[in-house]
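**Q** Take a look at the following structure, please.
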Amino acid sequence: MSSPTTARNENLLKSEIQDMRHKIRLYFKKPKSINKPLLGTLYLVLCTSKKNMNKTQNIINNIKEIKGEINWSELLSETISAFDCTTGTIHVLDKESNLLRLKAQQGIPDFLLPKMEAIPIGKGMAGIAAERKKPVEMCNLQTDESGVARPAAKETKVEGSIAVPMLLDGELFGTLGIAKPVPYDFTEEESEGLLRIGESLAGRIVS
């Protein structure tokens, strides 16, 4: 069953897509006033929005259909692929130690794994996303000077990166992070999609 947060996000995205469709129809009704570049951009955004929404929903559906134990590595790989990324991690919160424990990873060099096994809340992108309960992203992790990324993170050689908390009814259960090998700004829609996936994963941890 969808949570109120998930339902709101889905309704918001559907509303935005319907609004774009309406604008496109208006342009076609007034051919003399068509701004072709704008129309092309609107169409591209509409197609991309539908594509991303479908990919996100497919992952969420797969999570719901899982019987028994979760294959974390498989779900992470599916998410990485859906967002055209190459690297990613899933950490689950250990409530006794209050540390984020590595559950699955892809594309992390072996020599860095010991540093990723346990992350304190508030440290690094995953730790800060967990602390703030909000997405944390960087267009280029390699050139970041904010101090958000841990020094070891730069050794992954990734650039465009995002980490989101896995929340259910406001409670933290872990973090999900993905990254690209090139500079990239994740869109609000992509952030919302990752949060929805994280919410579904949190729901499976509870169950």
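So for the sequence shown, UniProt numbering puts the first residue at 1; every next one is plus one. For each residue, glycine too, the CB sits at the ideal point set by N, CA and C. The model shown is predicted, which means the values in this text are computed figures rather than measured ones.
Can you say whether residue 216 is buried or exposed, counting buried as having 16 or more other CB atoms within 10 angstroms of its CB?
**A** Nothing can be reported for residue 216: it is not among the residues displayed for the chain, which extend from 1 to 207.
**Q** Is it true that the segment 158-169 meets the segment 57-72, where meeting means three or more beta-carbon pairs spaced less than 8 Å apart?
**A** By the Cβ criterion, the segment 158-169 is not in contact with the segment 57-72, since fewer than three pairs of Cβ atoms, one from each stretch, lie closer than 8 Å.
**Q** Short of 6 Å in beta carbon distance, which residues of its chain neighbour T86, apart from the five on each side in sequence? Order them along the chain.
**A** Within the sequence shown, residue 86 is the residue found at index 86, counting from 1. So the qualifying residues of the chain are G107 and P181.
**Q** Compute the Euclidean distance between the alpha carbons of K32 and F186, then round it to the nearest angstrom.
**A** Within the sequence shown, residue 32 is the residue found at index 32, counting from 1. Within the sequence shown, residue 186 is the residue found at index 186, counting from 1. With a pLDDT of 48 at K32, under the threshold of 50, the modelled position of this residue cannot be trusted; read the value that follows with caution. Taking the straight line from one Cα to the other gives about 35 Å.
**Q** Could you check whether L112 and A152 sit closer than 8 Å to each other, using their CB atoms as the reference points?
**A** To locate residue 152, count along the sequence shown from 1; it is residue 152. To locate residue 112, count along the sequence shown from 1; it is residue 112. When the beta-carbon positions are compared, A152 and L112 come within less than 8 Å of each other.
**Q** Grouping DSSP H, G and I as helix and E and B as strand, with all else coil, what is A82?
**A** Residue numbering aside, residue 82 sits at position 82 when the sequence shown is read from its first letter. Residue state, collapsed to three classes: helix.
**Q** For K103, does the three-state DSSP call read helix, strand or coil?
**A** Working through the sequence shown from its first residue, we reach residue 103 at position 103. Three-state result, K103: strand.
**Q** Quick one: grab the DSSP three-state call for V158.
**A** Within the sequence shown, residue 158 is the residue found at index 158, counting from 1. DSSP places V158 in coil when its eight states are reduced to three.
**Q** Exposed or buried, which one is residue 208 when buried takes at least 16 other CB atoms within 10 Å?
**A** Outside the shown range of the chain, which is 1 to 207, sits residue 208, and nothing can be said about it.
**Q** For the candidate residues Q142, S200, V148 and L141, whose alpha-carbon lies nearest to that of L168?
**A** On the sequence shown, position 168 is the one that residue 168 refers to. Of the candidates Q142, S200, V148 and L141, the one whose C-alpha sits nearest the C-alpha of L168 is S200.
**Q** Where does K32 sit, in a helix, a strand or coil, going by DSSP?
**A** Locating residue 32 in the sequence shown gives position 32, where the first residue counts as 1. Residue confidence for K32 is low, a pLDDT of 48 falling below 50, so the modelled location carries little weight and cannot support an answer.
**Q** Once the 5 residues before and after I197 are set aside, which same chain residues still bring their CB inside 7 Å of it?
**A** Translated into the one-based positions of the sequence shown, residue 197 becomes position 197. So the qualifying residues of the chain are T56, I59, I60, T79 and L176.
**Q** Go ahead and label A118 buried or exposed: buried means 16 or more other beta carbons lie within 10 angstroms of its beta carbon, across all protein chains shown.
**A** Counted from its first residue, the sequence shown places residue 118 at position 118. Looking at its Cβ environment, which holds fewer than 16 other Cβ atoms inside 10 Å, A118 is exposed.
**Q** Of the residues G170, L195 and N98, which one's Cα is nearest the Cα of V136?
**A** If you number the sequence shown from 1, residue 136 lands on position 136. Ranking the options by Cα distance to V136, first place goes to L195.
**Q** Could you check the C-alpha separation between G174 and T156 for me, to the nearest Å?
**A** By one-based count along the sequence shown, residue 174 stands at place 174. By one-based count along the sequence shown, residue 156 stands at place 156. Approximately 21 Å, taken between the alpha carbons.
**Q** How would you write the range of the beta strand (DSSP E) that G127 sits in, first residue to last?
**A** Sequence index remark: in the sequence shown, residue 127 carries index 127 (1-based). Unbroken run through G127 is the alpha helix (DSSP H), G124 to R132; no beta strand (DSSP E).
**Q** Cα-Cα, which of E171, A149 and N71 is closest to residue 211?
**A** Absent from the structure is residue 211, since the part of the chain shown begins at 1 and ends at 207.
**Q** Less than 8 Å between the C-beta atoms of K160 and A179, yes or no?
**A** What you label residue 160 is simply residue 160 of the sequence shown in a count that begins at 1. What you label residue 179 is simply residue 179 of the sequence shown in a count that begins at 1. Contrary to the premise, residue 160 reads as Gly rather than Lys in this sequence. Yes, these two residues count as a Cβ contact at 8 Å.
**Q** Find out if the Cβ-Cβ distance for the pair K123, L172 is shorter than 8 Å.
**A** In the sequence shown, counting from the first residue as 1, residue 123 sits at position 123. In the sequence shown, counting from the first residue as 1, residue 172 sits at position 172. No; because the gap between Cβ atoms is not below 8 Å, this pair is not in contact.
**Q** At what residues does the beta strand (DSSP E) containing L172 begin and finish?
**A** If you number the sequence shown from 1, residue 172 lands on position 172. Taken as a continuous stretch (DSSP letters only), the beta strand (DSSP E) holding L172 covers E171 to A179.
**Q** Looking only at its chain, what residues have a beta carbon closer than 7 Å to the beta carbon of P120, apart from the 5 residues adjacent to it on each side?
**A** Within the sequence shown, numbered from 1, the residue matching residue 120 stands at position 120. Counting only Cβ-Cβ distances below 7 Å, and skipping sequence neighbours, we find L99 and G127.
**Q** Any idea if I90 is buried or exposed, counting beta-carbon neighbours within 10 angstroms, 16 or more meaning buried?
**A** Numbered from 1 along the sequence shown, position 90 holds the residue referred to as residue 90. Buried.
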